[in-house]
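In full-length UniProt numbering, the protein residues as written are 1 to 294.
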Amino acid sequence: MQHIDPPPFDARDVYTTCIGNARPSSRERLESFTDAVADAASAYEVAAQGQALHTLTGLATAPTAPRDRKALEGVYTHRMVKDRTPGRRIYEALRGTTDEEGRRRDNRCPLCGEGLVTTLDHHLPKNKYPLLSVVPVNLIPACRDCNTGKLVTVPVKAGDQTLHPYFDDFSHHPWLRARLRRPRGNEQPSMKFFVSPHSDWSDTLTERLQTHLKVFDLDYRYSLLVSSHIASTNHDLTMAHTNDIAFWLERKAEGWRYRGNPNTMGYALFKALAADEWYVNGGWRSSSVETNLE
Numbered sequence: 001m002q003h004i005d006p007p008p009f010d011a012r013d014v015y016t017t018c019i020g021n022a023r024p025s026s027r028e029r030l031e032s033f034t035d036a037v038a039d040a041a042s043a044y045e046v047a048a049q050g051q052a053l054h055t056l057t058g059l060a061t062a063p064t065a066p067r068d069r070k071a072l073e074g075v076y077t078h079r080m081v082k083d084r085t086p087g088r089r090i091y092e093a094l095r096g097t098t099d100e101e102g103r104r105r106d107n108r109c110p111l112c113g114e115g116l117v118t119t120l121d122h123h124l125p126k127n128k129y130p131l132l133s134v135v136p137v138n139l140i141p142a143c144r145d146c147n148t149g150k151l152v153t154v155p156v157k158a159g160d161q162t163l164h165p166y167f168d169d170f171s172h173h174p175w176l177r178a179r180l181r182r183p184r185g186n187e188q189p190s191m192k193f194f195v196s197p198h199s200d201w202s203d204t205l206t207e208r209l210q211t212h213l214k215v216f217d218l219d220y221r222y223s224l225l226v227s228s229h230i231a232s233t234n235h236d237l238t239m240a241h242t243n244d245i246a247f248w249l250e251r252k253a254e255g256w257r258y259r260g261n262p263n264t265m266g267y268a269l270f271k272a273l274a275a276d277e278w279y280v281n282g283g284w285r286s287s288s289v290e291t292n293l294e
C-alpha cells in the first residue's frame, strides 16, 4: 500500500496514439469515441480525488452496444499491451519496471507492497468501464497476484473502494497491524494482519482499508511470507541478550519502512513481535531453530 505519482500522460493523447494504426474501417468508429474517453477520464479523476469512484455508475453503461464495448476493450488488449503496437511504449512507461536505458527498477507493487510489478491493473475493470480501458490514471502498476486476485471487483458504495495508489496516501499513520498467533503443540507461530485506523479517521475510510485487505487477500498472502522471517529472527535472537530483544525487534521494524511508509508486511510483523511479551520473554524458543529454518 504505497502512494505513487500519477502518470504524466493525457488520456486523449494516449487513446489517439493507441488507435493510430487502426484500419480506416475501424478507425472512424474508434475515433468517434475520443471525446467520450476524454470526458470519462476527467470524471474519473474528479471522483478519485474525492474518494467517490463508486458514483461513476453512468460510465459503466456507456457505450451501450456490445460491439462498441468490445472494440474499446480491444484498444487496451490489442493496441497497448501487444508488442510493436502504437501504445506499447506507453504501456511500458505506465508499468515502469525499467528505466529509459532498459535497466530494471526496484518496483514493488503499490497494492500489496511485496510483489514486483509485472503488469497493469485496471482499477475499475475494463469490461465494466470500457471507456476507461486506456485511461492512464485507471491503470495501476501491479504484481501478478494483485492483478489476478482482484478480478472484476466494482465498488457499489464508498466503503467498497480499494486504495488508489495515485490518489490515496495514508502513509502518515501505521494502520496495517499484526497480531502473533502463539503456536499450539508442534505448530509454528503465525500472524494475523488487520486494520488499526487512526482515531480521527471516518468509518468509511476504515471500511475502505478493510476492503483493500480483503479484495487483495493480504492477510492470507502475508501469512504465507512470515514463517521464513520468524524463523530467521528466531535464529538471530539466539545471539541477543534477553533485555535487548524488544528494542532489537523495534529497530528491525523501522528497517521495513518503505520510502517512509510504515504500512508494510515487515513493519507490522516486527512491531507485533516486539509488543508480544510471550515472544520477547522466550516464546521465540518454543520451536527449535533447526525446525524453523527448514
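Virtual Cβ for every residue (Gly too), placed ideally from N, Cα, C.
Span separating the alpha-carbon of residue i from that of residue j
i	j	result
Arg108	Ser199	29 Å
Leu116	Asp145	10 Å
Glu250	Met1	21 Å
Arg79	Thr206	38 Å
Arg103	His123	Unreliable placement is indicated for Arg103, whose pLDDT of 49 sits below 50; the coordinate value is still reported in the next sentence. Each residue's Cα considered, the two are about 27 Å apart.
Gln49	Tyr166	9 Å
Thr61	Asp68	12 Å
Pro155	Gln161	5 Å
Glu92	Ile19	17 Å
Leu237	Ile245	7 Å
Ser26	Gly74	12 Å
Arg12	Ser196	40 Å
Asp276	His241	17 Å
Pro8	Ser202	31 Å
Asn261	Leu209	15 Å
Asp169	Asn263	11 Å
Pro66	Leu72	10 Å
Cys112	Thr211	13 Å
Boundaries (first-last residue) of the beta strand (DSSP E) holding residue i
i	result
Asp83	First-last for Asp83: undefined, no H or E at that position.
Thr119	119 to 122
CB of residue i within 7 Å of CB of residue j, strictly
i	j	result
Ala178	His54	no
Pro110	Val152	no
Leu120	Val37	no
Lys128	Val215	no
Glu191	Ser223	In the sequence on display, residue 191 carries Met and not Glu. In this structure, Ser223 lies closer than 7 Å to Met191 by Cβ.
Leu59	Ala47	no
Asp219	Phe247	no
Run of the alpha helix (DSSP H) containing residue i, from where it starts to where it stops
i	result
Asp229	The amino acid at residue 229 is misidentified as Asp; the sequence shows His. Where His229 is concerned, the enclosing alpha helix (DSSP H) stretches over 218 to 237.
Pro24	24 to 31
Val46	34 to 49
Ile245	245 to 254
Ala11	11 to 18
**Message:** Between the segment 28 to 48 and the segment 131 to 146, can you find at least three pairs of beta-carbon atoms closer than 8 Å?
**Reply:** yes
**Request:** State whether the segment 163 to 178 contacts the segment 260 to 274, with contact taken as three or more CB pairs (one from each stretch) at a distance under 8 Å.
**Result:** yes
**Asked** At which residue ranges does the segment 145 to 197 contain complete alpha helix (DSSP H) runs of 4 or more residues, listed in the order of the chain?
**Response** none
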